[in-house]
Amino acid sequence: MLVLGGAQLAALETSARWAVLGGTLGALVLLYIWSSSRRESAGNPRSARLADGKPGKIKRPGERSELAAALAACRSALASVALFSGVLNVLMLAGSLYMLEVYDRVLPSRSVPTLIGLSVLVAILYAGQGVLDFIRGRILVRIGGALDETLGARVYSSVLKLPLKVGRNGDSMQPVRDLDSVRTFLSGTGPTALFDLPWLPLYLAIIFMFHVLLGLTALVGAIVLVLLTVFAERLTRKPVTSGTQTGIVRNGLTTTGNRNAEVIAALGMGGRMAKRWEDANRDYLAEQRSVSDIAGGFGAVSKVLRMLLQSAMLGVGAWLVIEQQATAGIIITASILSGRALAPVDLVIANWKGFLTARQGWQRLTRILAAVPADAEPMAMPMPNRHVFMQGVSVAAPGTQRLLVQDASFALEAGHAVGIIGQSGSGKSTLVRALVGAWPLAAGRVRLDGADLDQWSPEDRGRFVGYLPQDVELFAGSIAENIARFEPDADPALVIAAAKAAGAHDLIVSFRDGYETQIGELGEAVSAGQRQRIALARALYRDPFLVVLDEPNSNLDAEGEQALFQA
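FYI, the numbering for the sequence shown is 3 to 569, going by the working numbering.
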């Protein structure tokens, strides 16, 4: 039977202090790992790349990213997880102590009442452990959900703005997938392992209380597994990064092929495009296979090492029993405690691939959100109503330095129109994109009633700007919703007025469902000419002050052109 002396009780008090500190350290470990990823991104210019490979804004040291700020807002929930982790790790000692008491107290005394009392007590502790583990998991799920709710709209906004800053390249939906990977990791079992890791010294300290040799055996096993985790991180870092980039290329080819399905089918390009996709997919699978092989290999080695450690603990314990330095209960208890001490390390290795994916996503999101900052809310400005003035404007395509338009200037009074003519590729579309604020200016100014265009927020600017692009696209929804620009509770009278101004009212009411006709994704349910006339009505919605039309008759028939001239 094990009897604890004064020195052992003092050691137990020391272990309890570890328990108090461990839960707090758990939350700090999670925050430290993410913050170290931010520092790695900020300190390495080569890693400051956006999802499409373009350079991003490098953050200053000490500058908190939006993701870190969103996670810090959940610190009270993280503190709760740390607290529950502390209580859980203390409760997990119940099974080991139960085995110790059964072997060293119940069996020698053959006391059935003691066995029943201990069994009832440990059952209650197990039930409490299950409840706390369930609550901890629910809190982590809600932390992931809160992060998504806080940043979801912001990430989607960056997806819309990124092509206007760096051009269209790569997988446009990668930022959304990155946010999903971060949320999935935070809601899974990975963070629980990180919260449980700081409790490893507590279990080792208790094992040392039983005997120094048992403690040293467990300590050596812990060191080997920790080193194994470090090696796994170093070996998987490069293939995970390469796999993500090849995945972006593969997904980009999928999106492009889906958008140009008609052209691919008409020109017989399906086989060649499929071959390109297969090549990209092969590269992606090769990188994923490399990561899985490394992670699986380390997982297998970790499992073998844990089994060896269990056997070593039993062997050392048996030798101590033979030498009459320990009891049979200590053998079983020390073996269970060593397994419990190293379980978080084993769980970290098992979740390593998910952790690396989430970390890569975190880094990319940090760079993208820094490169596409949230719009500052400018002071409310009155709608312009007098003149438009463009002075010395030069424009380059997003993500490039080559100027497509140089030193363009003109002035236009309200109620007047100006036509821009020129050869194909001369920059006509580029100029009007800058005029409506879709593309940034490389030089010069666009002023409405004397105020620069960016003094209005995009939402306010949209109320007095009508724009019909050269490549017309509509959105899934009804015709009325598209004309009203998906404005909630739009006035039907304004929608009909815009359609009549564009000469599209008769066309729209000729459909069976009229203005409620669903036009499908990208407006595929209507013809190109009908799509252009509906888009013209959208440009004229709310009778805007500035209307910009880029080749508005490119898809129109004679009736459509007549309606355009009358508009």
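We put the CB at the ideal spot given by N, CA and C, even for glycine.
CB-CB under 8 Å to residue i, same chain, minus the five flanking residues each way: which ones, in chain order?
{"i": "Ala399", "result": "Gly169, Leu406, Thr432, Trp441"}
{"i": "Ile422", "result": "Lys430, Leu433, Val434"}
{"i": "Asp454", "result": "Arg447, Val448"}
{"i": "Val265", "result": "Met271"}
Return the Cβ separation of residue i and residue j in integer angstroms, given the expectation that the two are a contact with Cβ distance under 8 Å.
{"i": "Arg465", "j": "Met385", "result": "7 Å"}
{"i": "Val575", "j": "Val293", "result": "Nothing about residue 575 can be reported from this structure: the residues present for the chain run from 3 to 569 only."}
{"i": "Arg308", "j": "Leu349", "result": "At roughly 11 Å, the Cβ-Cβ gap does not stay under 8 Å, so Arg308 and Leu349 are not in contact."}
{"i": "Asn353", "j": "Thr191", "result": "6 Å"}
{"i": "Phe86", "j": "Ile137", "result": "6 Å"}
{"i": "Ile333", "j": "Ser98", "result": "Incorrect: roughly 12 Å between the Cβ atoms, too far for contact."}
{"i": "Leu149", "j": "Val184", "result": "7 Å"}
{"i": "Lys240", "j": "Ala297", "result": "So it is not a contact: roughly 14 Å between Cβ atoms."}
{"i": "Tyr105", "j": "Thr246", "result": "Incorrect: roughly 51 Å between the Cβ atoms, too far for contact."}
{"i": "Ile498", "j": "Arg540", "result": "Not a contact, Cβ separation roughly 13 Å."}
Go through its chain and collect everything with a Cβ distance to residue i's Cβ below 6 Å, but skip five positions before and after it.
{"i": "Asp180", "result": "Gly363, Arg366, Leu367"}
{"i": "Val108", "result": "Thr116, Leu117"}
{"i": "Gly259", "result": "Met275"}
{"i": "Thr26", "result": "Only weak support is given to the placement of Thr26: the predicted model assigns it a pLDDT of 40, under 50, and the value that follows is read from those uncertain coordinates. Cβ neighbours of Thr26 beyond the five flanking positions: Ala84."}
{"i": "Ala527", "result": "Ile521"}
With which residues is residue i paired in a DSSP beta bridge?
{"i": "Asp454", "result": "Arg449"}
{"i": "Glu415", "result": "His389"}
{"i": "Val467", "result": "Leu548"}
{"i": "Ala79", "result": "Ala79 is not bridged to any residue."}
{"i": "Ala410", "result": "Val395"}
{"i": "Gln520", "result": "Ser480"}
{"i": "Leu405", "result": "Ala398"}
Using beta carbons (cut-off 8 Å, strictly below), is residue i in contact with chain B?
{"i": "Ser87", "result": "The displayed structure is made up of one protein chain only, and chain B is not part of it."}
Could you say which of the options lies nearest to residue i if we only look at CA atoms?
{"i": "Ala360", "options": "Val89, Arg107, Gly146", "result": "Gly146"}
{"i": "Arg463", "options": "Glu561, Met383, Val214", "result": "Met383"}
{"i": "Leu287", "options": "Leu255, Trp321, Gly270, Thr248", "result": "Thr248"}
{"i": "Ala503", "options": "Thr152, Ala444, Pro490, Leu542", "result": "Leu542"}
{"i": "Gln312", "options": "Met271, Gly223, Gly301, Ser294", "result": "Gly223"}
{"i": "Ala537", "options": "Gly452, Ser480, Asp182", "result": "Ser480"}
{"i": "Glu561", "options": "Pro546, Leu509, Arg144", "result": "Leu509"}
{"i": "Phe477", "options": "Glu264, Gly522, Arg308", "result": "Gly522"}
{"i": "Leu73", "options": "Met94, Asp106, Thr152, Arg112", "result": "Thr152"}
{"i": "Gly417", "options": "Leu339, Pro380, Pro546", "result": "Pro546"}
{"i": "Leu229", "options": "Arg284, Ser304, Gln131, Leu558", "result": "Ser304"}
{"i": "Asp198", "options": "Glu475, Ser160, Val347, Thr256", "result": "Val347"}
{"i": "Gln403", "options": "Gln457, Ala372, Ala445", "result": "Ala445"}
{"i": "Gly88", "options": "Pro494, Leu166, Leu204", "result": "Leu204"}
{"i": "Ser571", "options": "Pro110, Glu103, Arg369, Gly132", "result": "Residue 571 is absent from the model: the chain starts at 3 and stops at 569."}
{"i": "Pro494", "options": "Ser113, Gly516, Arg112", "result": "Gly516"}
{"i": "Ser78", "options": "Thr219, Arg144, Phe210", "result": "Arg144"}
{"i": "Gly531", "options": "Phe513, Asn555, Leu548", "result": "Asn555"}
{"i": "Phe187", "options": "Phe357, Ala501, Ala376, Val251", "result": "Phe357"}
{"i": "Glu280", "options": "Ala267, Asn262, Asp295, Leu255", "result": "Leu255"}
Could you spell out where the alpha helix (DSSP H) holding residue i opens and where it closes?
{"i": "Trp201", "result": "Careful: Trp201 lies outside any alpha helix (DSSP H) and carries neither H nor E."}
{"i": "Phe300", "result": "272 to 324"}
{"i": "Ser340", "result": "330 to 352"}
{"i": "Val133", "result": "114 to 168"}
{"i": "Met101", "result": "95 to 103"}
{"i": "Ala530", "result": "530 to 541"}
{"i": "Thr256", "result": "214 to 261"}
{"i": "Ile485", "result": "481 to 485"}
{"i": "Leu188", "result": "176 to 188"}
{"i": "Val420", "result": "It is not in any alpha helix (DSSP H) - Val420 carries neither H nor E in the DSSP assignment."}
{"i": "Thr432", "result": "430 to 437"}
{"i": "Asp508", "result": "507 to 511"}
{"i": "Pro494", "result": "494 to 503"}
{"i": "Ala444", "result": "That residue, Ala444, is in no alpha helix (DSSP H); it is neither H nor E in DSSP."}
{"i": "Lys527", "result": "It should be noted that the sequence gives Ala, not Lys, for residue 527. Neither: Ala527 is in no alpha helix (DSSP H) and is coded neither H nor E."}
{"i": "Glu68", "result": "68 to 74"}
Once the 5 residues before and after residue i are set aside, which same chain residues still bring their CB inside 7 Å of it?
{"i": "Leu414", "result": "His389, Val390, Val420"}
{"i": "Ala410", "result": "Met392, Val395, Leu433"}
{"i": "Asp552", "result": "Ser431, Val434, Leu470, Pro471, Gln472"}
{"i": "Gly130", "result": "Leu93"}
{"i": "Ile141", "result": "Ala79, Ser82, Val83"}
{"i": "Val318", "result": "Leu215, Leu216, Thr219"}
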